[in-house]
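For reference, the structure is listed below as C-alpha cells.
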Amino acid sequence: MSALVVENLEVVFGRFRAIDGLSLAVDPGEVRAVIGPNGAGKTTLLDVVSGITKPRGGRVMLGDTLDLTRCSEAEIARAGVRRKFQKPSVFPALTIRENLDIGCGAGLGPAERSARIAEVLAEIGLSGREDALAGSLAHGEKQWLEIGVVLASDPKIILLDEPVAGLSDDETGRTAALILSLRRPDRAILVIEHDMAFVEAIADRVTVLHEGRTLYEGGMRGAREDARVIEVFLGR
Ligand SMILES: Nc1ncnc2c1ncn2[C@@H]1O[C@H](COP(=O)(O)OP(=O)(O)O)[C@@H](O)[C@H]1O
Ligand SMILES: [Mg+2]
C-alpha cells in the first residue's frame, strides 16, 4: 500500500490549470523529489496535500481510507502530514525550544515534550542552542529549525518546499544528511527542490512536473537522460 496517493488531481485558478490530471504514489519509506520548471505546479501540489488549496477534481489519499481533499488543514496536520514552507516561518521572537514546543502539538505531557525536543535538537544539529532566539539564527539554521518543528510532531508524511534554497554548499550537504537520517519505513518524505545534485543525493525517485502534469517519473539518472526532461527543464 502507498503512503500517499494523488489521483487525477486538477487545480484551476480562474481559467488557468495549475494542476492538470496529476497522479502519483509515494511508497512508505520513500524520499520522493518533485522537480520541474517554475510554475510547473509543485507548490500547488503541496498546497493541496496540506489542505490550503481545494482541487476542482481528483483526490489525495493518505493510506487506504482518508481523502485529504475532504479534510481541513488542521485535520490533515493531525493525521500526521506536516509541511515546511518555502519561506522560513519559524517565530523569530521565540527561542528554538519554544518553536519546537509549538511543533510538538497538544498531545504530549511535559516530560514527553522535553524528551521529544531534546531528540529533535540532536537530529537537526542545534543541541545546546535551545535558548537562542530563532530570529538570531543563520538562514541555514532557520531552515533546520523549521524541519525540526515539522519533526516534533513525529509526522508520517513530511512535505518540504525548497529546503536548500539559499544555503551554502556545506549547509546543503548537511541538509541532505539530515533528510536521509529522517527516512523510516513508516514515513514518506516529499521534497520540492531545484538543486539537482541535492535531489540526486536524497531522492529514491523523482517526479518531473511540467504544466501541472507528470513529464517523467523514475530515478534521477533516467531523468538526466530523458529528452523531454532535458528540453523543458534540465537543459536550461
Ligand atoms: N493562488 C493562485 N492564484 C492564481 N494562480 C496561482 C495561484 N497559485 C499558483 N498559481 C499559478 O499556478 C502556477 C503554478 O504555481 P506553483 O505551484 O507555485 O509553481 P511551482 O512551485 O512549480 O513554481 C503558476 O503559474 C502560478 O502563477
Ligand atoms: Mg514553488
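Count along the sequence shown from 1, add 208, and you get the number used in this note's numbering. Glycine included, each C-beta is placed from N, C-alpha and C at the ideal position.
Contiguous alpha helix (DSSP H) elements confined to the stretch 360-393 occur at 377-389, taking only those with 4 or more residues. Relative to ligand 1, the beta carbon of Gly222 is positioned inside 8 Å of a heavy atom. Under the three-state reduction of DSSP, Phe441 is assigned to helix.
DSSP places Glu419 in the coil class of the three-state scheme, outside both helix and strand. A straight line joining the alpha-carbon of Ala385 with that of Leu353 spans about 15 Å. Listed in chain order, the alpha helix (DSSP H) runs fully inside the stretch 314-351 are 318-331, counting runs of at least 4 residues. Ile400 has its CB nearer than 8 Å to a heavy atom of ligand 2. A residue is called buried when at least 16 other Cβ atoms come within 10 angstroms of its Cβ; Glu401 meets this threshold and is buried. Within the same chain, Ser231, Gly266, Arg267, Val268 and Met269 come within 8 Å of Glu215 by CB-CB distance, once the 5 residues on both sides are set aside.
In the same chain as Asn307, and ignoring 5 residues on each side of it, the C-beta atoms closer than 8 Å to its own belong to Val298, Phe299, Ala342, Leu353, Gly356 and Val357, in chain order. Going by beta carbons, Arg240 and Thr415 fall inside the 9 Å limit. No heavy atom of ligand 1 is found nearer than 8 Å to the CB of Ala323. A direct Cα-to-Cα measurement between Ala211 and Ile304 gives close to 30 Å. Here Thr261 carries a coil assignment [DSSP, helix/strand/coil].
Per the coordinates, the alpha-carbon of Arg264 lies some 29 Å from the alpha-carbon of Pro296.
Collapsing the DSSP output to three states places Lys250 in a helix.
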